[in-house]
Amino acid sequence: PGDGPGDGPGDEPDPVAPGRLDFFAASHRVAYGSRPVVVGTLLDRSGAPLPDRRLSLLIHTDEGWRAVARVRTDAAGQGRAKTLPVNGLARYRWRTPGGVHSAPWRLRVQAVIRAEVDSSGALVLLTTGAAPGDTVEIWTRLGGERTRVATAPVAPGGTVRVTLPRVRRDRA
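So, in structure tokens, the structure goes:
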């Protein structure tokens with residue numbers, strides 16, 4: 007039983023069987039809500055590209071792998087598609103109708119953090135792409151050494167509230 011489009015009865019046998027299906031994307035970390043373009047490259051057993059072949063881009067869900075795009079390979083054996091909007095961890099792979107599939111590719115949101123100081127002097131961090139319970143660490147350099155000065159969890163809504171210790175500087 008297949009898990010992608012074109013895996014049902016009536017599919018014709020492939021005259022030149024694919025040997026390998028590779029997955030490529032520019033990065034594993036992407037901006038929240040982005041839809042990066044991913045590339046699948048289909049090669050035969052000798053390493054030659056297989057043009058004009060069907061590929062399906064699959065995403066892994068709680069129910070298993072599900073198709074989100076269908077494309078045909080170009081002369082270089084490559085198919086391109088945009089992912090769904092990324093809002094956390096997502097796993098994708100390419101698949102042929104005959105069942106050849108790429109290794110999974112993980113996409114994660116690269117969280118963006120904006121800092122503000124509230125009326126009490128506390129540092130408030132507003133995150134995009136961080137999940138509740140994620141940990142934010144704040145580091146500085148003291149005496150030439152990297153030092154962690156605070157650690158706090160991301161609250162629902164993406165906020166982090168941190169009260170930083172006051173650093174006293176001696177004046178000469």
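To convert, note that position 65 of the sequence shown is 71 in our numbering; the numbers rise steadily by one, no gaps.
Think of the CB as a built atom: it goes at the ideal place given N, C-alpha and C, for glycine as much as any other residue.
As the structure is a prediction and not an experimental result, all values here were calculated from the model.
Neighbourhood of Arg35 by C-beta distance below 7 Å, restricted to the same chain and skipping five residues each side: Arg114, Gln116
Spatial neighbours of Arg154 in its chain, beta-carbon cut-off 6 Å, leaving aside the 5 residues before and after: Glu143, Trp145
Euclidean distance between Cα positions of Arg76 and Ala109: 18 Å
Length-filtered (3 minimum) beta strand (DSSP E) runs lying within the region 95 to 132: 96 to 101, 111 to 115, 118 to 123
Three-state class that DSSP yields for Thr89 in the structure shown: coil
Residues sharing a beta bridge with Val142, DSSP: Ala158
Leu49 - DSSP class collapsed to helix/strand/coil: strand
Check whether Thr102 and Leu61 have beta carbons under 9 Å apart: yes
Rounded straight-line distance, which links the Cα of Ser125 to that of Thr169: 12 Å
Buried or exposed by the 16-neighbour rule on C-beta atoms within 10 Å, applied to Gly85: buried
Distance between beta carbons of Gly164 and Thr134, contact taken as under 8 Å: 7 Å
In DSSP terms, what Ala75 is bridged to: Leu63
Cβ distance (whole Å) where Gly83 is taken to contact Leu56 below 8 Å: 5 Å
Selected residue, minimal CA-CA separation from Ala158, among Leu132, Gly150, Gly149: Leu132
Inter-residue CB distance, Val160 and Gly139 (contact presumed, cutoff 8 Å): 6 Å
DSSP-derived helix/strand/coil call for Thr169: coil
Whether Val92 touches Ser52 by CB criterion (9 Å): no
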